[in-house]
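Peer 1: In the working numbering, the protein residues as written are 1064 to 1155.
Where a beta carbon is used, it is the ideal one built from N, C-alpha and C, also for glycine.
(1) Please list the terminal residues of the continuous alpha helix (DSSP H) segment that includes residue 1127.
(2) By alpha-carbon positions, which one of 1133, 1121, 1082 and 1127 ends up nearest to residue 1103?
(3) What would DSSP say about residue 1096, mapped onto helix, strand or coil?
(4) Please state the DSSP three-state secondary structure of residue 1145.
(5) For residue 1155 and residue 1127, I'd like the C-alpha separation in whole angstroms.
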């Protein structure tokens, strides 16, 4: 992905978020979704009752990089980003 346009064209569905009841455990659903989407999407168990399904290689870090490139901001700038879970894990 080298542009905002490319990011938007990457997939028609950018994210699917599944919730179980507050006291539910989505482990079985996570396993089933992981098997169904293997090689096609990334399934992340965010909390005990929440699952995210996102395009392969999707991350907030990658989105920030695309935005910086689009705005013409170089990597050597000072930038802090705060996240809440594994969705923020990214490689340079």
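Peer 2: According to the structure data:
(1) Along the chain shown, one-based indexing puts residue 1127 at 64. Here the alpha helix (DSSP H) through residue 1127 covers 1123 to 1134.
(2) Here residue 1103 refers to the residue found at position 40 of the chain shown. Between residue 1103 and the set 1133, 1121, 1082 and 1127, the nearest pair of CA atoms involves 1121.
(3) To locate residue 1096, count along the chain shown from 1; it is residue 33. It is helical.
(4) Locating residue 1145 in the chain shown gives position 82, counting from the first residue. The answer is coil: DSSP assigns residue 1145 none of H, G, I, E or B.
(5) Position 92 of the chain shown, counted from the start, is the residue given in the question as residue 1155. Position 64 of the chain shown, counted from the start, is the residue given in the question as residue 1127. Confidence is the limiting factor: at residue 1155 the pLDDT is only 49, short of 50, which leaves the residue's position unreliable, though a coordinate-based value still follows. If I take the Cα positions, the gap works out to 11 Å.
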